[in-house]
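Accompanying notes for the structure given below.
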Amino acid sequence: MSTTTTTQPTSTTVADLALPVATESHSGPPAPGGDKAASSASTAVHANPQSSTNDELDIPDEHFLCMQMLDPGSVSAVGGVPAGNAIRRPVETNGGLTLTLSDDKKWENGQTVTVRFIGGSEFVRSKVKEYAVLWCQYASIQFQFVDEGDADIRVSFLDGGSHSKIGTDCLEVEDQNTPTMNFGWFDDHTSNAEFQRTTVHEFGHALGAHHEQNNPKLVVHWNKPVMYKYYLEHDHWDESTVDTNMFTPVIDADATAWDPLSIMHYKILPDFTFDHLSVPLNWVMSDQDKAFIKAMYPPTQVDKGYWLSSESGLFIQSSWSENIRYDRAYGKPPLLALGLNYIDAWHNPMGAFGIWLEAWAANNKRTMFDLHLQGYQVQNFGAGATWLEFDTATHPKVEVGTRGFSVDTPTPGQSWPIHFHHTYTAPPKVLVWLNSLAMGSGTASKCMGASVANVTATGCTVDITALNSDAVMFMGNLTYVVIPADTPNIQIGNVNAGVPGIGAVPGHFVTLQPQSNAIPVRFATAFSAPPKVFLALSALDYSRGDFVRLNAHVTDVTATGFTAHLDTWVESQMFGVTATWVAMM
């Protein structure tokens, strides 16, 4: 069995390492030069009050540069990487970001990328773990270090150069015994400063970043003969290798400012250029590195099974969207079932609609999905949805689907027969949630519901109906979930505040519900531990007033039950709400 450890970002800072701001030092990722062994001899450094000699930082005398940055096979005939490989800079960065990064080599945002070491001492491994995750402070990416089994990134410690595959190119190396990254000069005597600089640099490549000297915004007149001679003597590079790694720009018409302080930049000695341009040895991520990688892997909402628009900080919107990151990576995109759990809508009595709210998921991937909430011709002060995730490997016979309608002429309801993809040994559990609804305004009440009937081992019927004769429905959509009856550790049920549509039943009268409704629920059988409980709307009945307000949520979850809340608030008159709950381990 594989043992894993997920390393969290440390609080290491530049101050912890006592690093200088070497604005005039000139060195690239240091390593033994040529075939020479590492030594404590230093390269020349221009002295200034903020610089330090390489002796003080225990840096070897010369270096091998990274050998894997711009793959020669991807360089175009006109001397650049195809434009599809270059990410466009986001508008919100105001042109202040740089760091060249391949869009088509990015990992999925929010992904957990596995890393396994091939060789290396425990001390060296611990240092690579410590500094690799510095990127995770700014990028929505996690590195999980595994002791055995398959891994996305394999790290070796063979003598020679340090290098890495670019981003998801790591996945193209199918042999799990073949490294995708190498550190050629790390040992138990390497300084913390050097561990940080080279580890962050190479894991920058692993996230998809190229070298900053390939930024097309860098305008410089290279002294190529000097550079050819230098790299041949120090790193055994031929002219073609120098051309590819130093002179080949990434094609990106929207590239922004070149960042000489980027951790992804090689050193540039003054005599490398006719302009006498020089770039220092960069020890840590620059501010622009941090901002850019955050923009490329933006923060995501951690999966908790529900989302409220108030979490976005945006109110009185016609729509909201949020990227939701699953709390683990699935083998393939999971089945998703969405339902509404929060409504705060107001309409102009002269308008056509009393309520309009839709919830749907898009871009469902192994690690995340995009949640969308949208209204139309109604003032939505807030909205929310809950969702279920089913791993198809763990729950191969669970089925999820949707049915709905959108019409110009009001309808009293529609019904749909569902034929299961699987033939079950017994009638399965089936739940339905409303995920979208639109009803008329004026004298019309807001009264509709989704339900399931005629459940057999091969199918069922689901419907959406107006529960009151004066309810005017223009749109409705439901999600249904089919769960085998013998599935362990899953229970479902309904909970009510009042009875939606009771006023339409002869001899019964509607009763205005209190604003706060806390309903205790006991599970049919106790779980071994408190389960996750998901609650969403299946039916509602509100007055002809201007507001529809509902907050359906749960509290006090234990192994034996929970408390369901179906609440409303100011100027909203609730006659009845039904919500369906699912408890899962």
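6 is the number of the first residue of the sequence shown in the numbering used here; add one for each residue after it. Think of the CB as a built atom: it goes at the ideal place given N, C-alpha and C, for glycine as much as any other residue.
Looking at the secondary structure, which residues open and close the beta strand (DSSP E) in which residue i lies?
i: serine 411; result: 404-416
i: asparagine 554; result: According to the sequence shown, residue 554 is arginine rather than asparagine. Taken as a continuous stretch (DSSP letters only), the beta strand (DSSP E) holding arginine 554 covers 552-560.
i: glutamine 518; result: It is not in any beta strand (DSSP E) - glutamine 518 carries neither H nor E in the DSSP assignment.
i: lysine 434; result: 434-445
i: arginine 121; result: 117-123
i: phenylalanine 148; result: 147-151
i: alanine 137; result: First-last for alanine 137: 127-137, but that is the alpha helix (DSSP H), not the beta strand (DSSP E).
i: glutamine 218; result: Careful: glutamine 218 lies outside any beta strand (DSSP E) and carries neither H nor E.
i: arginine 333; result: Arginine 333 -> no beta strand (DSSP E), and no H or E assigned at all.
i: glutamate 394; result: 384-395
i: cysteine 452; result: 451-458
Who are the near neighbours of residue i in its chain, counting only those whose CB is closer than 7 Å to its CB and skipping five residues on each side?
i: alanine 471; result: Pro417, Gly418, Cys452, Met453 and Met478
i: alanine 52; result: Only weak support exists for where alanine 52 lies, its pLDDT of 26 falling under 50; the coordinates are left without a value.
i: aspartate 155; result: Gln181
i: isoleucine 321; result: Gln384 and Phe386
i: asparagine 522; result: Ala502, His570, Leu571 and Asp572
i: tryptophan 312; result: Gln306, Glu327, Ile329, Leu376, Gly389 and Ala390
i: leucine 442; result: Ile360, Leu362, Met453, Met480 and Gly481
i: threonine 548; result: Here the sequence assigns serine to residue 548, which means threonine is not the residue at that position. Excluding residues within five positions, the ones whose Cβ falls inside 7 Å are Ser450, Gln578 and Phe580.
i: glutamine 520; result: Asp572, Thr573 and Trp574
i: aspartate 164; result: Gly189
CA-CA distance, residue i and residue j?
i: threonine 204; j: arginine 130; result: 11 Å
i: aspartate 561; j: tryptophan 365; result: 28 Å
i: tyrosine 236; j: serine 161; result: 24 Å
i: asparagine 501; j: lysine 370; result: 34 Å
i: lysine 170; j: proline 184; result: 9 Å
i: glycine 359; j: aspartate 475; result: 13 Å
i: isoleucine 495; j: asparagine 187; result: 46 Å
i: isoleucine 329; j: arginine 554; result: 25 Å
i: leucine 545; j: asparagine 473; result: 11 Å
i: glutamate 199; j: aspartate 193; result: 12 Å
i: asparagine 385; j: glutamine 201; result: 49 Å
i: valine 587; j: threonine 563; result: 14 Å
i: alanine 367; j: proline 432; result: 31 Å
i: tyrosine 302; j: tryptophan 140; result: 10 Å
i: phenylalanine 253; j: valine 231; result: Residue identity differs from the one stated: residue 253 is threonine in this sequence, not phenylalanine. Cα-Cα distance, rounded: 17 Å.
i: serine 324; j: glutamine 382; result: 11 Å
i: aspartate 2; j: lysine 272; result: Absent from the structure is residue 2, since the part of the chain shown begins at 6 and ends at 590.
i: histidine 226; j: threonine 278; result: 6 Å
i: leucine 378; j: histidine 206; result: 40 Å
i: proline 535; j: leucine 439; result: 26 Å
i: alanine 178; j: lysine 337; result: The residue asked about is misnamed: residue 178 is valine in this sequence, not alanine. Taking the straight line joining both Cα atoms gives about 20 Å.
i: glycine 78; j: aspartate 243; result: With a pLDDT of 39 at glycine 78, under the threshold of 50, the predicted position of this residue should be treated as unreliable, and no value is reported.
i: aspartate 174; j: threonine 249; result: 18 Å
Looking at the unbroken alpha helix (DSSP H) that takes in residue i, where does it start and where does it end?
i: tyrosine 347; result: Note, tyrosine 347: premise wrong, no alpha helix (DSSP H); beta strand (DSSP E) at 340-351.
i: aspartate 294; result: 292-301
i: methionine 232; result: 229-240
i: asparagine 369; result: Premise fails: asparagine 369 is in no alpha helix (DSSP H) and is neither H nor E.
i: arginine 330; result: Where arginine 330 is concerned, there is no enclosing alpha helix (DSSP H), although the beta strand (DSSP E) it sits in stretches over 324-330.
i: tyrosine 547; result: It is not in any alpha helix (DSSP H) - tyrosine 547 instead sits in the beta strand (DSSP E) that spans 537-547.
i: asparagine 197; result: 197-211
i: glutamate 244; result: 244-247
Return the chain-ordered list of same chain residues with a C-beta closer than 6 Å to the C-beta of residue i, the five sequence neighbours on each side being excluded.
i: valine 405; result: Leu340, Ala342 and Val486
i: lysine 402; result: His427 and Pro489
i: asparagine 459; result: Cys465 and Thr466
i: glutamate 576; result: Phe552
i: threonine 117; result: Gln147, Gln149 and Ala334
i: arginine 159; result: Arg121, Ile123, Pro184 and Thr185
For residue i, does the count of other Cβ atoms within 10 angstroms reach 16, so buried, or fall short, so exposed?
i: tryptophan 361; result: buried
i: histidine 168; result: buried
i: tryptophan 288; result: buried
i: threonine 583; result: buried
i: proline 525; result: exposed
i: glutamine 218; result: buried
i: glutamate 394; result: buried
i: alanine 462; result: exposed
i: histidine 424; result: exposed
i: methionine 590; result: exposed
i: threonine 9; result: With a pLDDT of 30 at threonine 9, under the threshold of 50, the modelled position of that residue is not reliable, and the figure given next carries that caveat. The residue is exposed, with fewer than 16 neighbouring Cβ atoms inside 10 Å.
i: leucine 176; result: exposed
i: phenylalanine 69; result: Below a pLDDT of 50, predicted positions are generally treated as unreliable, and phenylalanine 69, at 36, falls in that range; the measurement from the model is reported next regardless. Looking at its Cβ environment, which holds 16 or more other Cβ atoms inside 10 Å, phenylalanine 69 is buried.
i: aspartate 276; result: exposed
Between which residues of its own chain and residue i is the CB-CB distance below 8 Å, once the five residues before and five after are set aside?
i: isoleucine 497; result: Lys434, Leu436, Ile488, Thr585, Trp586, Val587 and Ala588
Would you call the stretch 425-443 in contact with the stretch 513-526, where contact means no fewer than 3 C-beta pairs closer than 8 Å? no
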